[in-house]
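Report on the following structure.
In our numbering, the protein residues as written are 66 to 311.
Structure below.
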């Protein structure tokens, strides 16, 4: 991280005509998050520089998946699933940050195009003909569920400038963060439009014993399930035996 900061500072000290600097430069403190059995979440720092004044927005999206939202209702005195809606191509993790509230410096159309803010995050469904109220209710339920899991940020985070050209943003990833390839997009905004964008890669993967257990559970799910049942039964038998012995 320190080496990258030094490079950015050196570039900023050069005259623009000499350095031929880009309008926007950005990088992460790390491009790999390794999840092991002791992982409790982590925070990465995104840092960068601009060639002059402007606002900066950051959007982080996790690997995409199909997610189903189910609506429960009380039927004959029993809570049961009565309706469901499947959403396709949904980012499993979402975080956005900016130098200030995006609607103060960016027009609505580019906010939608660049998916800045949860209200501008497209969540396509498998059912094309839904009334607006029903789709909105399921959409809100999906977002609330992801927020409760700590995977969707409820508020726009902060991008802070150090001076007029260097900036940084801190991005938190919880313990239950999904593995896979992430997209980290950094945008420079001037005059209500995105004038430059930089993408930086990020990968989150399981390592060590947790990765081995995860792979085994997926590759040999039947055996893994049977082993879990046998271990639980053995633990119960041992506890009962020790209790009788005492």
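C-beta: ideal position from N, C-alpha, C; glycine also.
Asked: Contiguous beta strand (DSSP E) assignments of at least 3 residues, all confined to the region 133-191; Found: 143-156 and 159-163
Asked: In DSSP terms, what residue 208 is bridged to; Found: Looking at the DSSP assignment, residue 208 forms no beta bridge with any residue, so it has no partner.
Asked: Where the beta strand (DSSP E) through residue 90 begins and ends; Found: 89-93
Asked: Under 8 Å between C-beta atoms of residue 113 and residue 94; Found: no
Asked: CB-CB length for residue 249 against residue 125, believed under 8 Å; Found: 5 Å
Asked: Pair within 8 Å by beta-carbon distance, residue 111 and residue 234; Found: yes
Asked: Assigned secondary structure, residue 104 (DSSP; H/G/I helix, E/B strand, else coil); Found: coil
Asked: Per-residue burial, residue 253 [other beta carbons within 10 Å of its own, 16 or more giving buried]; Found: buried
Asked: Beta carbon of residue 183 nearer than 8 Å to that of residue 158; Found: no
Asked: Sequence-distant residues of its chain with Cβ nearer than 8 Å to residue 295 (five each side left out); Found: none
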